[in-house]
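Student: Sending over a structure as structure tokens; questions will come in a sec.
4 protein chains.
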Amino acid sequence: MSENNQKSQSHGKLLVLTPGMGAVGTTFIAGVESIRKGLSKPIGSLTQMQTIRLGARSENRSPLIKDFLPLVDLDDLTFGGWDVIPDNAYEACKRAQVLKSEDIEPISDFLKGIEPMPAAFEQKYVKKLIGDNVKEFTTKKDLTDQLRTDIQNKIKETGAERAVMVWCGSTEVFMSPSSCHMSIEAFEEGLKNNDESISPSQLYAYAAIMEGVPYANGAPNLSADVPALTQLAIQKEIPIAGKDFKTGQTLMKTILAPGFKTRMLGIKGWFSTNILGNRDGEVLDDPESFRTKEVSKTGVLDTILQPDIYNDLYEDLYHKVRINYYPPSGDEKEGWDNIDIFGWMGYPMQIKVNFLCRDSILAAPIVLDLALFLDLAKRKGKKGIQEWLSFYFKSPQVEDGHIPEHDIFIQHFRLKNTLRVMGGEEPITHLSENFESYT
Amino acid sequence: MSENNQKSQSHGKLLVLTPGMGAVGTTFIAGVESIRKGLSKPIGSLTQMQTIRLGARSENRSPLIKDFLPLVDLDDLTFGGWDVIPDNAYEACKRAQVLKSEDIEPISDFLKGIEPMPAAFEQKYVKKLIGDNVKEFTTKKDLTDQLRTDIQNKIKETGAERAVMVWCGSTEVFMSPSSCHMSIEAFEEGLKNNDESISPSQLYAYAAIMEGVPYANGAPNLSADVPALTQLAIQKEIPIAGKDFKTGQTLMKTILAPGFKTRMLGIKGWFSTNILGNRDGEVLDDPESFRTKEVSKTGVLDTILQPDIYNDLYEDLYHKVRINYYPPSGDEKEGWDNIDIFGWMGYPMQIKVNFLCRDSILAAPIVLDLALFLDLAKRKGKKGIQEWLSFYFKSPQVEDGHIPEHDIFIQHFRLKNTLRVMGGEEPITHLSENFESYT
Amino acid sequence: MSENNQKSQSHGKLLVLTPGMGAVGTTFIAGVESIRKGLSKPIGSLTQMQTIRLGARSENRSPLIKDFLPLVDLDDLTFGGWDVIPDNAYEACKRAQVLKSEDIEPISDFLKGIEPMPAAFEQKYVKKLIGDNVKEFTTKKDLTDQLRTDIQNKIKETGAERAVMVWCGSTEVFMSPSSCHMSIEAFEEGLKNNDESISPSQLYAYAAIMEGVPYANGAPNLSADVPALTQLAIQKEIPIAGKDFKTGQTLMKTILAPGFKTRMLGIKGWFSTNILGNRDGEVLDDPESFRTKEVSKTGVLDTILQPDIYNDLYEDLYHKVRINYYPPSGDEKEGWDNIDIFGWMGYPMQIKVNFLCRDSILAAPIVLDLALFLDLAKRKGKKGIQEWLSFYFKSPQVEDGHIPEHDIFIQHFRLKNTLRVMGGEEPITHLSENFESYT
Amino acid sequence: MSENNQKSQSHGKLLVLTPGMGAVGTTFIAGVESIRKGLSKPIGSLTQMQTIRLGARSENRSPLIKDFLPLVDLDDLTFGGWDVIPDNAYEACKRAQVLKSEDIEPISDFLKGIEPMPAAFEQKYVKKLIGDNVKEFTTKKDLTDQLRTDIQNKIKETGAERAVMVWCGSTEVFMSPSSCHMSIEAFEEGLKNNDESISPSQLYAYAAIMEGVPYANGAPNLSADVPALTQLAIQKEIPIAGKDFKTGQTLMKTILAPGFKTRMLGIKGWFSTNILGNRDGEVLDDPESFRTKEVSKTGVLDTILQPDIYNDLYEDLYHKVRINYYPPSGDEKEGWDNIDIFGWMGYPMQIKVNFLCRDSILAAPIVLDLALFLDLAKRKGKKGIQEWLSFYFKSPQVEDGHIPEHDIFIQHFRLKNTLRVMGGEEPITHLSENFESYT
């Protein structure tokens, strides 16, 4: 009933733009269409499936999040994207080998209608990625102009009221912020001068913000995580979020590490290896791209475990992360963790976790949630970095001076309370007496 | 400094009584002595190692729990216990093969001084357990009288001011509450009539409560989880807690399941198998004792996952738990879990967890924390079931009508906020703005 | 070329009869047809893919087995079977969920043409199996008469010259040989008297042998492994073989155990657990059927390791096998082994093997090889138990007084040398000098 | 009895020299002494524990290898070695953390008596190895002279009749044979000229052969695997063998791969990762040393699987080996393998093997067997590369033009038949009829 009420009341059509229409992008798009046709369920999506408790437990109010907040309905989503490979979404979906034929064929016409726009791309930023569906340009300024025009056109073409952009492209080579990233002016100067330190993903972020489009970054790339672009987001009153979708091994880490810590179990070593065989794996086989990813993955444990406070438990933790390109795995990325913990009197124990994972399956609902939440945030007047969306990221982007929170349970808490406040309700206070569930 | 202040101010000597002086009991006792001598750290113990944030984050107050609350100091603990095997704590510790010689020898004199009192025991309640250090009796009433005298004597003998009792004995055969468990009167009648449905662990619980001694139950036995004894605990103003120390595979389950749920990942199946070779394993090789354990272990997932609300995700979950006696493992219990999860569009993934665990090492700090917290609770005037200690149990004992909480993160939250209130501080309110860490 | 020569020279049409047209039977049939159409390769089949070295290494003669011996060509195979469920092979194949739609559809017409004959069946022998495509009967003699008529008709109907039968049905309840199994006469008397100790799989074996049809037993059922039927096989000059296709965990055991033994590594414990969700798993969820399987699985290690000779290494080996019905696995049976080995000075090591297996995929090529080899054996005048086919079985059927060989490498050696002799070549003698490969 | 006969008849005292007295060397020495004192069993040693069948099975002759051949008795072994660290064998044994105190202490006096001679060493060949117990020298010729004098002195000092040398030192940086390795003359010229391409392990090999001492190489170093030294071995009539003790993951590979091949199962990928924390791991953390090891490890699968013949099965096999230095593991090296196999119709399956291994425990009995077998070989007049000892090596050294055999079962076959011939018996001929066991 209440769901029907929401559905009858449209919040406008929303265009979801994905730079990158590979495994993640097309799995997201195909999934949304499959759900709209009643062929699938939106498993993994909080916006579609999770409930939220409101008020005191005795009030017994726990609507679905999507019935509590004015989120755009799936029926009101339209899609557009860019890719260096000119395949339409149907072809790209087949090539990605994430979804089975029987799930793609019933929506093949829909997918065939989504063609990637030529990408703003230079190979030196992603060495292992090859494709010729790319824009010509003289300066990077040209490229951002073209991207802005793309956005405007695609909004018109799909009849959308507004748009959001979620980066679903590859991991770029490792880059540290340089002087041209320090202010809006320097950045715009850099665009004109073809400054080397401006990567393609930054062109998309810039174009999005300039067009009033919220931007989320699903890769570990620097992208919008530089002063120039965070300032621009505030100036233009645009919400942004990043970095690097929290999937696979890091997802498991942010679940397990808080668990060991609540019980005051020490950790002596944590060895993580990944084998993956898709385009993502190939890209990460380039040491420079891998470096970007590694930095994103290794910060996780420190902020969760607070070795400065719990030095007897975590000070000597030896943390090693390995990523291996292994083509036989295809999209079915596999993680293996060996965790050396210790307990009472220092006695050692081991936990080995083997995760037979599907990266794009874990990432797709994140794309959906980020699109809907960022659109909501914009309508609610939020701007700049949305730290309450840290829940979705391996390497949460935070404001200068803030410490990123990696504990998934704390992140989840914060997300839910933020939603409560946005919906005009009180945040949940867990007093001991009536404490039962925070979900 | 603040620690020194606490130490200079004694809260009285406390006798910790353990029915059962096998692997868990002796590992606990040996560990405390080893820590007191500066040879070990109290890893795994919240009372000794965890900090607690007080007030707003900006106040920067995060003392150790033991510096915040008037917990008994380790130096003020004394020990006593019962066992069907007459070995002293040194011999029992060697036999248990949990600790290495090099950790036992430096405290051998201390351990040799702790002799088990003859146990109140009948073999039909633990079929695989054999020993002749047992009390003679005509009626069960005799046995409780003897246990009460034991308690009084041991308090005097060790110079303690007061005592707590933590059940560290074996798992008894499966029993459902019967009529004699329904009221204090019926129970006391049963003691006189040798009612079959009163098991040894209930004799200990009864004796403890009658002597004003808080009682915690580390096994899945019914024990104090019957109306007669919970009423008695309230009448006598004694705090109690149970059941079944949360260690091993169940500990992992209560960490992982909440993680999958926050991300709205479905679970199709969860298969858990254990191999263990110590006395505990031998006891559980008896189907009747195993039944008691199995019931304790399988309730966990349902209350965490709420399949009634999230039926698309958890309604069809097939949960199977197996325990296998496998002597080569010794005390190093090993768990293997296969978890079949599914994500976006229903696509399956698998997680396999191999836990090379040491049961007694995980259980020992729980014995310590429960002893100190129950003693504190009694001094703070708490009585009856202490639900805020659910954090430590596989099968939390709750009041009639309450739903047990199994999510370890919620349990932890509740524990900490209860401690804050006991210490005269405000419970933590996680508003989105200043939300950073709940630890 | 030599392959073409073979192909041009037919060895006659052969009907392969499978009592049981479930996962294994239909995967075998579908695979053969798929291979004949050039859509698949006969992976896992020695008759189709393995080479055999002939003469001295310097002669450089290593033809494919199928080019060396006059095996029936895949194009000359026809199929027939019985099942309690009336689904045709197409429907049964879909239901079994072993093969993907894309592999079944291109051969759907062929599969639809294979309908199961009504089965000789009584539910008390396989308690969890339910189906009504069964023969009516007064005495078991009636049933064998009907089966013999079935065989004759199916040979005519498919235009075959001769037939072989490979049991692909379920595991029956555990049975020990009884008096009626001791001689041909007693057995035939039992057929007339409806002796309880004659199980359905024995009716098939009897009917096959009486019709001059070689018989192989893919399940651990007693079946032809009784004096009455082995004598009958010799009297009628029919080759037979059994029991229980070597797949999954036992396959791994017969690979690993010889390896540890060559290196004189001791084994203290071997714990094996299986989770499986197909009809096979459901049948084994009945303790009586499980018992049959367990006996078949646990004999393996003893004969490989010779604990009587190597008592320091294997005398104390604790071997435990568990099978668990776990529906989420479907046909994808999964095994997990924990192996406790020890080396120099008795120091312990562990090996954990997780096998994500597909039982029917491993069994199907065994059905093919057994059909072709038994047919060859018959044409070569072999009769009675074919011990050289032990390679394919978990519990090799051997003549009275022979010790079954479980070491897969010795079994393989023997299989190859037997083939050499059958083909008129010398068995391979591995002298040290020119020793290079025995394959 | 027959054992006593052998024992009463001495084959002379044998000095075992180990360049490298770290984890492997001291575990070997400590183990032999412990066995001599009756405190341990020689688990893992074929010379001490394995039987050998002689003649036809019906003859029932299966003595222990050590009772069949005139091997030196353990009581007749003496020890000597070199190391860059001056610790005696007791100190080195403690430092290595392989053996428990309770196993070292009872033989501490014996171990303390074994002091390492200063090593012939230059750090550029093993970058991560640091120690100052090294010989001074002007030319490499000086070093070999000093080593030869060491050998002569140590023989006299220990009262031995003769000696063997087994390299138990570190992995050197990767080197390919250069011109100075091509002939004895060039090599001796190089010794005088300090040719860079002559590594320390080659100095030891040269010195050994010149002194009439058989040499085995337990590391993947080039060492004696160059024409100059193999020619020298033949000229001096000295048996040699190598390279790289077959332990850990490679041991498992040479067991598993032949198993898959006998069954004609295809392999699509094999990913192997190792974590290890001992000095060996630290040395391999240097990319140049790792390269040497990697080459040794990756050749294994190709020769076993014969992808040229079985191209449908093994042509596309993707094989990746990773070694990771992970200090928390200590000497307990751990391997994790993911093996992607495929069967009937190409359907995929996976096997994951987690090996909690102890490298030195697996290597020590190999040192013993090689010492005794090489000594026997010399007395039997064998010279040059002993290919029949391939069983013990990851990267078997063979004569020019020979293909190394990696299948452990074939290697084992060959070893046993060679022993039979050495002992004046017929090699075993496995005819089908009386085929039962080759062990």
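Protein chains in written order, with our numbering: chain A, 3 to 441; chain B, 3 to 441; chain C, 3 to 441; chain D, 3 to 441.
We treat Cβ as the ideally placed atom computed from N, Cα and C, and that holds for glycine.
1. Would you verify that the beta carbon of C/Ser274 is, or is not, closer than 8 Å to some beta carbon of chain D?
2. Scan the stretch 324–341 of chain D for residues whose Cβ lies nearer than 8 Å to a Cβ of chain A and list them as they occur along the chain.
3. Candidates C/Ala230, C/Val297, C/Gln99, C/Ile67: which alpha carbon is nearest C/Cys182's?
4. Rounding to the nearest angstrom, what Cα-Cα distance links C/His321 and D/Asn276 in this structure?
5. Measuring CA to CA, which of B/Gln233, B/Ala207, B/Gln352 is closest to B/Ala221?
6. Is the CB-CB distance between C/Ile410 and D/Leu315 below 8 Å?
7. Taking a contact to mean a Cβ-Cβ separation below 8 Å, would you say A/Cys359 touches A/Gly337 in this structure?
8. Enumerate in chain order the residues of its own chain whose CB-to-CB distance from C/Ser178 is below 6 Å, with the five nearest sequence positions on each side excluded.
9. Between which residues of its own chain and A/Pro429 is the CB-CB distance below 7 Å, once the five residues before and five after are set aside?
10. Take C/Ser36 and list the residues in its own chain whose beta-carbon comes closer than 7 Å to its own, dropping the five residues that flank it on each side.
11. Rounding to the nearest angstrom, what Cα-Cα distance links B/Thr264 and C/Gly250 in this structure?
12. For B/Gly161 and chain A, any beta-carbon pair shorter than 8 Å?
13. Which bits of chain D does A/Ile277 rub up against, with CB to CB less than 7 Å?
14. Which value, in whole angstroms, describes the spacing of the CA atoms of C/Phe437 and D/Arg416?
15. Bridge partners for C/Glu336 per DSSP, in chain order?
16. For B/Tyr349, decide whether its Cβ has a neighbour in chain C, counting only Cβ atoms nearer than 8 Å.
17. In whole angstroms, give me the CA-to-CA distance for C/Gln352 and C/Asp339.
18. Judging by CA-CA distance, which residue of C/Ala259, C/Phe123, C/Thr20, C/Asp78 is the nearest neighbour of C/Val175?
19. Starting from A/Ala94, trace the alpha helix (DSSP H) in both directions and tell me its first and last residue.
20. Roughly how far, in whole angstroms, is the beta-carbon of C/Pro329 from the beta-carbon of C/Gly279, given that I think they are within contact range, below 8 Å?
21. Out of C/Leu66, C/Arg55, C/Phe112, C/Cys95, point me to the one whose CA is closest to C/Leu79's CA.
22. Provide the residue(s) that pair with B/Asp371 in DSSP beta bridges, ordered along the chain.
23. Does the stretch 68–79 of chain A come into contact with the stretch 10–21 of chain A, if we say contact requires no fewer than three beta-carbon pairs (one atom in each stretch) closer than 8 Å?
24. Closer than 7 Å, Cβ to any Cβ of chain D: which residues of the stretch 307–325 of chain A, in chain order?
25. C/Val166: which of C/Gly426, C/Asp402, C/Ile387, C/Leu372 sits nearest, CA to CA?
26. Kindly indicate the opening and closing residues of the alpha helix (DSSP H) around A/Asn326.
27. If you run the structure through DSSP and keep just helix, strand and coil, what is B/Ile236?
28. Among the residues of its own chain, which have a CB less than 8 Å from the CB of C/Thr49, if the five just before and after it don't count?
29. Starting from B/Pro21, trace the beta strand (DSSP E) both ways and give me its first and last residue.
30. Is D/Tyr127 near the ligand NAP, with its Cβ less than 7 Å from a heavy atom?
31. When you compare the CB positions of A/Asn219 and A/Gly244, do they come within less than 8 Å of one another, or not?
32. Does the beta-carbon distance from B/Val323 to B/Thr294 come in below 8 Å?
33. Going by DSSP, name the residue or residues bridged to D/Met350.
34. Name the chain C residues that come within less than 8 Å of A/Glu138, Cβ to Cβ?
35. In the DSSP assignment, the beta strand (DSSP E) including D/Ala243 goes from what residue to what residue?
36. Would you mind telling me which residues of chain C sit closer than 7 Å to A/Ser103, beta carbon to beta carbon, in chain order?
Tutor: The structure says:
1. Indexing the third sequence from 1 puts residue 274 of chain C at position 272. Not one chain D Cβ lies under 8 Å of C/Ser274.
2. Residues of the stretch 324–341 of chain D with a C-beta less than 8 Å from any C-beta of chain A: Arg324, Asn326, Tyr328, Pro329, Pro330, Ser331, Glu336, Trp338, Asn340, listed in chain order.
3. Your numbering for residue 182 of chain C matches position 180 in the third sequence. Among C/Ala230, C/Val297, C/Gln99, C/Ile67, the Cα nearest to that of C/Cys182 is on C/Ala230.
4. In the third sequence, the residue the question calls residue 321 of chain C occupies position 319. In the fourth sequence, the residue the question calls residue 276 of chain D occupies position 274. If I take the Cα positions, the gap works out to 28 Å.
5. Residue mapping note: residue 221 of chain B aligns to position 219 of the second sequence, counting from 1. Out of B/Gln233, B/Ala207, B/Gln352, B/Ala207 has the C-alpha closest to the C-alpha of B/Ala221.
6. Looking up residue 410 of chain C in the third sequence gives position 408. Looking up residue 315 of chain D in the fourth sequence gives position 313. A distance of 8 Å or more separates the beta carbons of C/Ile410 and D/Leu315.
7. The residue you call residue 359 of chain A lines up with position 357 of the first sequence. The residue you call residue 337 of chain A lines up with position 335 of the first sequence. Cβ atoms of A/Cys359 and A/Gly337: closer than 8 Å.
8. Position 176 of the third sequence, counted from the first residue, corresponds to residue 178 of chain C. Here the set comprises nothing.
9. For the purposes of this step, residue 429 of chain A is identified with residue 427 of the first sequence, where counting begins at 1. So the list reads Asn419, Arg422, Val423, once near-sequence residues are dropped.
10. For the purposes of this step, residue 36 of chain C is taken as residue 34 along the third sequence, with counting starting at 1. Around C/Ser36: Ser42, Asp105, Ile109.
11. Sequence index remark: in the second sequence, residue 264 of chain B carries index 262 (1-based). Sequence index remark: in the third sequence, residue 250 of chain C carries index 248 (1-based). Rounded to the nearest whole angstrom, the C-alpha separation of B/Thr264 and C/Gly250 is 36 Å.
12. Residue numbering aside, residue 161 of chain B sits at position 159 when the second sequence is read from its first letter. It does not; no Cβ of chain A falls within 8 Å.
13. By one-based count along the first sequence, residue 277 of chain A stands at place 275. Neighbours of A/Ile277 across chain D, judged by C-beta separation under 7 Å: Phe273, Asn340.
14. As a working note, residue 437 of chain C is residue 435 in the third sequence. As a working note, residue 416 of chain D is residue 414 in the fourth sequence. Residue placement at C/Phe437 is flagged as unreliable, the pLDDT there being 34, under the threshold of 50; the coordinate-derived value follows with that caveat. For C/Phe437 and D/Arg416, the distance between alpha carbons rounds to 7 Å.
15. The residue you call residue 336 of chain C lines up with position 334 of the third sequence. According to DSSP, which records beta bridges pairwise, C/Glu336 is partnered with C/Ile277, C/Leu358.
16. Here residue 349 of chain B refers to the residue found at position 347 of the second sequence. Taking a beta-carbon distance threshold of 8 Å, B/Tyr349 does not count as an interface residue toward chain C.
17. The residue given as residue 352 of chain C occupies position 350 in the third sequence. The residue given as residue 339 of chain C occupies position 337 in the third sequence. Distance between the alpha carbons of C/Gln352 and C/Asp339 is about 10 Å.
18. Here the question's residue 175 of chain C lines up with position 173 in the third sequence. Of the listed residues, the one whose Cα sits closest to C/Val175 is C/Phe123.
19. Looking up residue 94 of chain A in the first sequence gives position 92. Note, A/Ala94: alpha helix (DSSP H), 91–98.
20. Taking the first residue of the third sequence as 1, we reach residue 329 of chain C at position 327. Taking the first residue of the third sequence as 1, we reach residue 279 of chain C at position 277. Yes, they are in contact, since the Cβ atoms of C/Pro329 and C/Gly279 sit about 4 Å apart, within 8 Å.
21. Translated into positions along the third sequence, residue 79 of chain C becomes position 77. C/Leu79 has its Cα closest to that of C/Phe112, out of C/Leu66, C/Arg55, C/Phe112, C/Cys95.
22. Start at 1 with the first residue of the second sequence, and residue 371 of chain B comes out as number 369. For B/Asp371, which the question treats as bridged, DSSP gives no partner whatsoever.
23. Touching, yes, given that three or more Cβ pairs across the two stretches are closer than 8 Å.
24. Identification of residues in the stretch 307–325 of chain A having a C-beta nearer than 7 Å to some C-beta of chain D yields Tyr320, Lys322, Arg324, given in sequence order.
25. Position 164 of the third sequence, counting from 1, holds the residue named residue 166 of chain C. For C/Val166, the closest alpha carbon among the candidates C/Gly426, C/Asp402, C/Ile387, C/Leu372 is that of C/Leu372.
26. Your numbering for residue 326 of chain A matches position 324 in the first sequence. Residue range 320–327 is occupied by the beta strand (DSSP E) that includes A/Asn326, with no alpha helix (DSSP H) assigned at that position.
27. If you number the second sequence from 1, residue 236 of chain B lands on position 234. Of the three classes helix, strand and coil, the one that applies to B/Ile236 here is helix, per DSSP.
28. Within the third sequence, residue 49 of chain C is the residue found at index 47, counting from 1. Cβ within range, chain order: Ile67, Lys68, Leu73, Leu370, Asp371, Leu374, Phe375.
29. Residue mapping note: residue 21 of chain B aligns to position 19 of the second sequence, counting from 1. In the DSSP assignment, B/Pro21 falls within the beta strand (DSSP E) that extends over 16–21.
30. The ligand NAP is not part of this structure, which contains no ligands at all.
31. The residue you call residue 219 of chain A lines up with position 217 of the first sequence. The residue you call residue 244 of chain A lines up with position 242 of the first sequence. Yes, they are a contact pair.
32. The residue given as residue 323 of chain B occupies position 321 in the second sequence. The residue given as residue 294 of chain B occupies position 292 in the second sequence. Taking the C-beta atoms as reference points, B/Thr294 is found no nearer than 8 Å to B/Val323.
33. As a first step, residue 350 of chain D must be located in the fourth sequence, where it is residue number 348. Here residue 350 of chain D turns out to be Pro, not Met, going by the sequence shown. Answer is D/Phe344, bridged to D/Pro350.
34. As a working mapping, residue 138 of chain A is identified with position 136 in the first sequence. In chain order: nothing, as chain C lies at least about 41 Å away.
35. In the fourth sequence, the residue the question calls residue 243 of chain D occupies position 241. Element bounds for D/Ala243: 241–244.
36. What you label residue 103 of chain A is simply residue 101 of the first sequence in a count that begins at 1. Chain C residues near A/Ser103: Glu104.
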